[in-house]
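Numbering (our numbering), first residue to last: 834 to 1012.
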C-alpha cells in the first residue's frame, strides 16, 4: 500500500531508527528525531507543502550526514528523487566546518526548488530552537554568528516559499539582520 500516509509513516520509522541514539545539543537533550519531524511539519503545516517526496526528504535530511546511511540506501528504499533532495542538502563531513558553512552559502541559490524548501524549513526550525534554548556550550555571540550565517544561506533561497521566508525574515529582524 503506497498511500501518502503509508509512505510518510515508513519514512518517519526509518529516520527514527537511524537517529535513535542521537540527541539535540539543548539542555534537555531532546531526542534528535524531533528535529526532522519538526522540519517536515513546518513544510506541511506552515509552508503548505504537499509534495510527499519533499516531506520525505525533510524527514531524512540528516540521515546521510549524521548516521551510517548511504545515499544508495535511500535511493533503494525511497527512490531517486528523495535521495537526490537529501543529497543536495547534505554537507560533506570530510570538510572542515567553516568550509561546509561557506559551501552552504555558495550552493543555496543553485539547489532544486525541492531542496530549497527543505533548507528553508531546516533553518527556520534551527533558528527557532536557538531562540528557545541556547545549546550547551554556546555563547550569545556564537548564537548571533549562527543567525548571521543562516541569513546568508537564506538569501540564496529567496523566492522559494513566501510564507516561510516571511517567518525567517522576522527572526532575522529580531536579531538586527536584514534578509
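Glycine included, every Cβ here is placed at the ideal spot set by N, Cα and C.
For residue 963, which residues of its own chain have a beta-carbon under 7 Å away from its beta-carbon, when the five flanking residues on both sides are left out? Along the chain shown, one-based indexing puts residue 963 at 130. Contacts found: 976, 979.
Per the contact definition of three or more C-beta pairs closer than 8 Å, is the segment 864–881 in contact with the segment 931–949? no
Can you say whether residue 949 is buried or exposed, counting buried as having 16 or more other CB atoms within 10 angstroms of its CB? Along the chain shown, one-based indexing puts residue 949 at 116. Per the 10 Å Cβ criterion, buried.
Using the three-state DSSP reduction, which class does residue 968 fall into: helix, strand or coil? Position 135 of the chain shown, counting from 1, holds the residue named residue 968. Of the three classes helix, strand and coil, the one that applies to residue 968 here is coil, per DSSP.
Helix, strand or coil for residue 856, going by three-state DSSP, please let me know. Start at 1 with the first residue of the chain shown, and residue 856 comes out as number 23. Here residue 856 sits in strand by DSSP.
If we ignore side chains and look at the alpha-carbon of each, how far apart do residue 846 and residue 866 end up? Locating residue 846 in the chain shown gives position 13, where the first residue counts as 1. Locating residue 866 in the chain shown gives position 33, where the first residue counts as 1. Each residue's alpha carbon lies about 10 Å from the other.
Measure the C-alpha to C-alpha separation of residue 911 and residue 868 and round it to an integer number of angstroms. Residue numbering aside, residue 911 sits at position 78 when the chain shown is read from its first letter. Residue numbering aside, residue 868 sits at position 35 when the chain shown is read from its first letter. When rounded, the distance between both Cα atoms is 20 Å.
Can you tell me the Cβ-Cβ gap for residue 986 and residue 937, rounded? I've got them flagged as a contact below 8 Å. By 1-based counting over the chain shown, the position of residue 986 is 153. By 1-based counting over the chain shown, the position of residue 937 is 104. Yes, residue 986 and residue 937 are in contact; Cβ-Cβ is about 5 Å, under 8 Å.
With which residues is residue 869 paired in a DSSP beta bridge? Position 36 of the chain shown, counted from the start, is the residue given in the question as residue 869. According to DSSP, residue 869 bridges with nothing at all.
For residue 991, the first and last residue of its enclosing alpha helix (DSSP H): Numbered from its first residue, the chain shown carries residue 991 at position 158. Residue 991 -> no alpha helix (DSSP H), and no H or E assigned at all.
Pick out the complete alpha helix (DSSP H) segments inside the segment 859–928, 4 residues or longer, and give them in chain order. 867–874, 885–893, 896–899, 904–911, 913–921
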